[in-house]
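Asks: Below are the structure tokens for one structure; questions will follow.
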Amino acid sequence: MDYDEPVPAGCDMIVLPPCTMLYFQGASFQDEGDFGEAINILLEEMAAYNPAQHGWQYAPELAPYFNFGASAAQGAKMARPARKIGLHG
């Protein structure tokens with residue numbers, strides 16, 4: 004690992020093996036105050052999405068999921084670890 008800066012107090016550093024992440028981006032929204040709702044909508048959409056139809060499955064044991072937050076212009080953004088299983092899993 005090339006990172007050599009101090010780790011902020013209360014934080015830990017972990018090294019994760021490489022893995023594939025499925026990236027999700029929600030729709031933009033009008034009011035910046037609605038970011039929490041945008042994140043909840045994207046979480047619901049991710050739960051309803053079936054990656055097996057494209058030969059993948061969620062693999063939460065490989066890595067944490069990443070919540071990149073939300074902005075009105077770009078919507079909510081998240082990524083979940085996944086593994087290839089072949090079509091129709």
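Sequential numbering from 4 applies to the sequence shown in my numbering.
Virtual Cβ for every residue (Gly too), placed ideally from N, Cα, C.
For the 8 Å Cβ check, are there 3 or more pairs between the stretch 78-90 and the stretch 16-31?
Replies: Because the criterion of three Cβ pairs below 8 Å is met, the stretch 78-90 and the stretch 16-31 touch.
Asks: Would G78 and F32 be called neighbours here (beta carbons separated by less than 9 Å)?
Replies: Residue numbering aside, residue 78 sits at position 75 when the sequence shown is read from its first letter. Residue numbering aside, residue 32 sits at position 29 when the sequence shown is read from its first letter. It is a contact, given that the beta carbons lie within the stated cut-off.
Asks: To the nearest angstrom, report how far apart V10 and M16 are at their CA atoms.
Replies: The residue labelled residue 10 in the question sits at position 7 within the sequence shown. The residue labelled residue 16 in the question sits at position 13 within the sequence shown. Taking the straight line from one Cα to the other gives about 7 Å.
Asks: Could you check where the beta strand (DSSP E) with M49 kicks off and where it finishes?
Replies: Your numbering for residue 49 matches position 46 in the sequence shown. Premise fails: M49 lies in the alpha helix (DSSP H), 38-51, not in any beta strand (DSSP E).
Asks: Under 9 Å between C-beta atoms, does G36 make it to chain C?
Replies: The chain labelled as chain C is not found in the depicted structure, where only one protein chain is given.
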